[in-house]
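Enquirer: Numbered by the working numbering, the letters in the first sequence go through residues 4 to 461 in order.
Sharing a structure below in structure tokens format, with a few things to ask.
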Amino acid sequence: MATVSGKMITRYAPSPTGGLHVGSVRTALFNYLAAKKYGGEMILRIEDTDRERSKKEYEKDILEAMEWLGLSYSSMYRQSERGSVYEKHVQKLLDTGSAYESTEDKDGKQSTVIRFKNAGKRVTFADLLRGDISFDTTELGDFVIARAKNDPLYHLAVVIDDFESGVTHVIRGEDHISNTPRQILIQEALGAPRPIYVHIPLVLAPDRSKLSKRHGAMPVGEYKALGYLPEALLNFLALLGWSPQGLSLPGREGKGGDIFTLKELTEAFSFDHLQKSGAVFDIEKLNWINGEHIRRMEDAAFMEKVREFLPKEATQLPQYGAERLEKIAPILRERIAKFSDLELLRKGGELAYFFEAPEYVSKKALIWKNEAEENTIQHITHIVKLLTEIPDESFTQETVKGGIWDYATEKGRGAVLWPMRYALSGLDKSPDPFALAEVFGKDETIQRLTTALKTLQS
RNA sequence: GGCCCUAUCGUCUAGCGGCUAGGACGAAGGCUUCUCAAGCCUUAAACCCGGGUUCGAUUCCCGGUAGGGUCACCA
Numbered sequence: 004m005a006t007v008s009g010k011m012i013t014r015y016a017p018s019p020t021g022g023l024h025v026g027s028v029r030t031a032l033f034n035y036l037a038a039k040k041y042g043g044e045m046i047l048r049i050e051d052t053d054r055e056r057s058k059k060e061y062e063k064d065i066l067e068a069m070e071w072l073g074l075s076y077s078s079m080y081r082q083s084e085r086g087s088v089y090e091k092h093v094q095k096l097l098d099t100g101s102a103y104e105s106t107e108d109k110d111g112k113q114s115t116v117i118r119f120k121n122a123g124k125r126v127t128f129a130d131l132l133r134g135d136i137s138f139d140t141t142e143l144g145d146f147v148i149a150r151a152k153n154d155p156l157y158h159l160a161v162v163i164d165d166f167e168s169g170v171t172h173v174i175r176g177e178d179h180i181s182n183t184p185r186q187i188l189i190q191e192a193l194g195a196p197r198p199i200y201v202h203i204p205l206v207l208a209p210d211r212s213k214l215s216k217r218h219g220a221m222p223v224g225e226y227k228a229l230g231y232l233p234e235a236l237l238n239f240l241a242l243l244g245w246s247p248q249g250l251s252l253p254g255r256e257g258k259g260g261d262i263f264t265l266k267e268l269t270e271a272f273s274f275d276h277l278q279k280s281g282a283v284f285d286i287e288k289l290n291w292i293n294g295e296h297i298r299r300m301e302d303a304a305f306m307e308k309v310r311e312f313l314p315k316e317a318t319q320l321p322q323y324g325a326e327r328l329e330k331i332a333p334i335l336r337e338r339i340a341k342f343s344d345l346e347l348l349r350k351g352g353e354l355a356y357f358f359e360a361p362e363y364v365s366k367k368a369l370i371w372k373n374e375a376e377e378n379t380i381q382h383i384t385h386i387v388k389l390l391t392e393i394p395d396e397s398f399t400q401e402t403v404k405g406g407i408w409d410y411a412t413e414k415g416r417g418a419v420l421w422p423m424r425y426a427l428s429g430l431d432k433s434p435d436p437f438a439l440a441e442v443f444g445k446d447e448t449i450q451r452l453t454t455a456l457k458t459l460q461s
């Protein structure tokens, strides 16, 4: 068959008839990884031969998504701009008798289309993952390949473009397996070399059907809007149908072994270890992977995202400015799986106490279990005294803990720490009192404790 | 329905004739500063069913079953 030599050329060929969803992204990713890994290049081809359904806005979405994901390509072109290229090849097909024009009735109207002269032979091709796949093409009949010489249908355009672009590896979804024999027929008539086919398994909805909009397949833009990181999404998608294991990656065993940057994925990639069966899209795992990526972000990048996702009015209270936000960053970081969770925290009132003194729902809330009120008053009073002894400049989580720990252990940790924490946050659930104290600083910490004391004594 | 593809814990997977069938997500339990989060530890959880081949099948072959894909002047 066709020989493929030299540089690997892959292509990602979406049609702009809808937003890019995760299944398409994964196809793009594998094309990207293969090209990068083996020193080749990936071409982006916009398959917009269907003028009815193709929309410029979808093309824009696709381009933006590729950019956001960091999936770069060596060149991009649109099929809608290549009429003359197709015309040249169609003419050749007509001249050699491989195709013919046919005037027929469609919806009551007469129209002329170009059909492929199909001898109806058996076509066998090798799929890199699945081995030989064989089809009888008789039932395909003389299928239509173009509406006009310069107006090709999908199969024709694909074959001509792959040929003209020197595509060596066609990496696409499994749903294209049955399209392949038809395309091979056209290839042979054109004298085009046969690329290597890699049909990757489909991404499935939880009910194991092909992922679609119906089943929660959101366009990529939605993931971006929800605060997923592009590298995390790619990381997750790569693991759907492919595994880096078996490659004996050092230090990759156990926990965290599934976390990869795009660069690491590229290094680890190989066509071996591609799965043959469909993989269910599991949002839980995506969330975990995204959280892991968030925890590994640089501080500056993390802060930038936090500012992007938190409304200004929630964080830019004049008395604190941006400083307070930076202080609570480590606390925020371990509490979210995606950046839109920040908004959830805020709405749940889990952020407000960082920026305004809390109001206590009741005296009782400040008291640990069945502890006596007087004891609680005594504990808080003593905590204030202990904290006062810590110098301003060394008022940290560690020194606060060091200063209070023995007392808390002696009197009962719950009895001492619960009221302290509650006094600082005003919530049943919050970060520990030491972390909070460091965020607030000595003065404000003491002030909040004093307010709580007054509440108890009122 | 025809044709084609596929089949290991709930999910993603490792395994490439001999293993106590490994890991990750999720779940359950525990530990770590009172709560929460994060982290750490532990536990439960799988080879679709039959036939072969073989000394020996999760692994190779065949059949069944199940799931999926595809059958346009869409891509």
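Ideal placement from N, C-alpha and C gives every residue a C-beta, glycine not left out.
Thinking C-alpha only, which one of A195, E107, S181 and F33 is nearest V126?
Expert: Numbered from its first residue, the first sequence carries residue 126 at position 123. That would be S181, whose Cα lies nearest to the Cα of V126.
Enquirer: Go to V403, then tell me how far its alpha helix (DSSP H) extends in each direction, as first and last residue.
Expert: As a first step, residue 403 must be located in the first sequence, where it is residue number 400. Segment Q400 to K414, the alpha helix (DSSP H) holding V403.
Enquirer: With distances taken Cα to Cα, identify the nearest neighbour of H296 among A282, E329, K315 and R336.
Expert: Your numbering for residue 296 matches position 293 in the first sequence. It is R336.
Enquirer: Let me confirm a value: A149 is counted as buried when at least 16 other C-beta atoms fall within 10 Å, else exposed. Which label applies?
Expert: Taking the first residue of the first sequence as position 1, residue 149 is located at position 146. Per the 10 Å Cβ criterion, buried.
Enquirer: Is the region 53 to 67 in contact with the region 272 to 281, if contact means three or more CB pairs nearer than 8 Å?
Expert: no
Enquirer: Leaving out the 5 sequence neighbours to the left and right, which residues in its chain are closer than 7 Å to H385 when beta-carbon positions are compared?
Expert: In the first sequence, the residue the question calls residue 385 occupies position 382. Once the five neighbours on either side are set aside, the close Cβ partners of H385 are Y410.
Enquirer: Rounded to a whole number of angstroms, what is the C-alpha to C-alpha distance between R14 and I174?
Expert: Taking the first sequence and counting its residues from 1, the one referred to as residue 14 is at position 11. Taking the first sequence and counting its residues from 1, the one referred to as residue 174 is at position 171. Between R14 and I174, the C-alpha separation is close to 8 Å.
Enquirer: Identify, in the order they occur along the chain, each residue of the same chain with its Cβ nearer than 6 Å to the Cβ of K40, setting aside the five sequence neighbours on each side.
Expert: Here residue 40 corresponds to residue number 37 of the first sequence, with the count starting at 1. Correct list, in chain order: T269 and F272.
Enquirer: Buried or exposed: K279, going by 16 or more other Cβ atoms within 10 Å of its Cβ?
Expert: The residue you call residue 279 lines up with position 276 of the first sequence. Exposed: under 16 other Cβ atoms inside 10 Å.
Enquirer: With three or more C-beta pairs closer than 8 Å as the rule, is the region 372 to 381 touching the region 450 to 461?
Expert: yes
Enquirer: Between D64 and G224, is the Cβ-Cβ spacing less than 8 Å?
Expert: In the first sequence, the residue the question calls residue 64 occupies position 61. In the first sequence, the residue the question calls residue 224 occupies position 221. Cβ distance < 8 Å, so D64 and G224 count as in contact.
Enquirer: At a cut of 8 Å, does the region 308 to 317 reach the region 417 to 429 through at least three beta carbon pairs?
Expert: no
Enquirer: Of all the alpha helix (DSSP H) runs that stay within the bounds of the region 290 to 364, which reach a length of 4 or more residues?
Expert: 302 to 312, 315 to 318, 326 to 336, 344 to 350 and 355 to 358
Enquirer: Should A304 be labelled buried (16 or more other beta-carbon atoms within 10 Å of its own) or exposed?
Expert: Residue mapping note: residue 304 aligns to position 301 of the first sequence, counting from 1. Exposed, because fewer than 16 other Cβ atoms sit within 10 Å of the Cβ of A304.
Enquirer: Taking DSSP's pairing of strands, which residues face W371 in a bridge?
Expert: Numbered from 1 along the first sequence, position 368 holds the residue referred to as residue 371. Partner(s): none; W371 has no beta bridge.
Enquirer: By DSSP, does G194 sit in helix, in strand, or in coil?
Expert: For the purposes of this step, residue 194 is taken as residue 191 along the first sequence, with counting starting at 1. It is coil, neither helix nor strand.
Enquirer: Identify which residue in D285, P361 and H172 has its Cα closest to the Cα of G9.
Expert: What you label residue 9 is simply residue 6 of the first sequence in a count that begins at 1. That would be H172, whose Cα lies nearest to the Cα of G9.
Enquirer: With C-beta atoms as the reference, is I163 less than 8 Å away from N238?
Expert: Within the first sequence, numbered from 1, the residue matching residue 163 stands at position 160. Within the first sequence, numbered from 1, the residue matching residue 238 stands at position 235. Cβ distance not < 8 Å, so I163 and N238 don't count as in contact.
Enquirer: Assuming T269 is part of the alpha helix (DSSP H), what are its boundary residues?
Expert: Reading the first sequence from its first residue, position 266 is the one you call residue 269. Here the alpha helix (DSSP H) through T269 covers L265 to A271.
Enquirer: When the distance is taken between beta carbons, is V161 closer than 8 Å to P198?
Expert: Translated into positions along the first sequence, residue 198 becomes position 195. Translated into positions along the first sequence, residue 161 becomes position 158. Not closer than 8 Å, so no.
Enquirer: With DSSP run on the structure shown, which of helix, strand or coil describes E377?
Expert: In the first sequence, the residue the question calls residue 377 occupies position 374. DSSP places E377 in helix when its eight states are reduced to three.
Enquirer: Provide the residue(s) that pair with G176 in DSSP beta bridges, ordered along the chain.
Expert: Taking the first sequence and counting its residues from 1, one reaches residue 176 at position 173. I203, per the DSSP bridge assignment.
Enquirer: Based on Cα-Cα distance, which residue from L289, E104 and S428 lies nearest to L240?
Expert: Here residue 240 refers to the residue found at position 237 of the first sequence. Residue L289 is the option with its Cα nearest to L240.
Enquirer: Within this structure, are the beta carbons of L47 and M79 separated by less than 8 Å?
Expert: Working through the first sequence from its first residue, we reach residue 47 at position 44. Working through the first sequence from its first residue, we reach residue 79 at position 76. Against a cut-off of 8 Å, the Cβ pair of M79 and L47 comes out as a contact.
Enquirer: Where K112 and T52 are concerned, what is the direct C-alpha to C-alpha distance, given to the nearest angstrom?
Expert: Residue mapping note: residue 112 aligns to position 109 of the first sequence, counting from 1. Residue mapping note: residue 52 aligns to position 49 of the first sequence, counting from 1. The straight-line gap from Cα to Cα measures roughly 22 Å.
Enquirer: According to the Cβ coordinates, are R327 and F357 closer than 8 Å?
Expert: The residue given as residue 327 occupies position 324 in the first sequence. The residue given as residue 357 occupies position 354 in the first sequence. Going by C-beta atoms, R327 is nearer than 8 Å to F357.
Enquirer: Identify the continuous beta strand (DSSP E) that holds F119 and give its terminal residues.
Expert: For this step, residue 119 is matched to residue 116 along the first sequence. Counting along the chain, the beta strand (DSSP E) containing F119 begins and ends at K112 to F119.
Enquirer: Could you compute how far the alpha carbon of D139 sits from the alpha carbon of G281?
Expert: For the purposes of this step, residue 139 is taken as the residue at position 136 of the first sequence. For the purposes of this step, residue 281 is taken as the residue at position 278 of the first sequence. Cα to Cα, D139 sits roughly 25 Å from G281.
Enquirer: Pick out whichever of G194, D130 and Y226 has its Cα sitting closest to the Cα of H179.
Expert: As a first step, residue 179 must be located in the first sequence, where it is residue number 176. With distances taken between Cα atoms, H179 lies closest to D130.
Enquirer: Kindly identify the DSSP beta-bridge partner or partners of E104.
Expert: Residue numbering aside, residue 104 sits at position 101 when the first sequence is read from its first letter. DSSP output for E104 lists I117 as bridge partner(s).
Enquirer: Going by beta-carbon coordinates alone, are S77 and E55 separated by less than 8 Å?
Expert: Within the first sequence, numbered from 1, the residue matching residue 77 stands at position 74. Within the first sequence, numbered from 1, the residue matching residue 55 stands at position 52. No, these two residues do not count as a Cβ contact at 8 Å.
Enquirer: Buried or exposed: where does Y200 fall if 16 or more other Cβ atoms within 10 Å of its Cβ makes it buried?
Expert: Position 197 of the first sequence, counted from the first residue, corresponds to residue 200. It is buried - the Cβ of Y200 has at least 16 other Cβ atoms within 10 Å.
Enquirer: Give me whichever residues DSSP pairs with G134 in a beta bridge.
Expert: Looking up residue 134 in the first sequence gives position 131. Partner(s): D130.
Enquirer: For L193 versus G244, is the C-beta distance shorter than 8 Å?
Expert: In the first sequence, residue 193 corresponds to position 190, counting from 1. In the first sequence, residue 244 corresponds to position 241, counting from 1. For L193 and G244, no; Cβs fall outside 8 Å.
Enquirer: Whose C-beta lies closer than 6 Å to the C-beta of G123 among residues of the same chain, with five residues either side of it excluded?
Expert: Along the first sequence, one-based indexing puts residue 123 at 120. For G123, where only same-chain residues beyond five positions count, the Cβ hits under 6 Å are T140 and T141.
Enquirer: Taking 8 Å as the limit between beta carbons, can you name the residues of its chain near L452, skipping five residues before and five after?
Expert: Counting from 1 along the first sequence, the entry for residue 452 is found at position 449. Excluding sequence neighbours, L452 sits near I383, I386, V387, L390, M423, A426 and L427.
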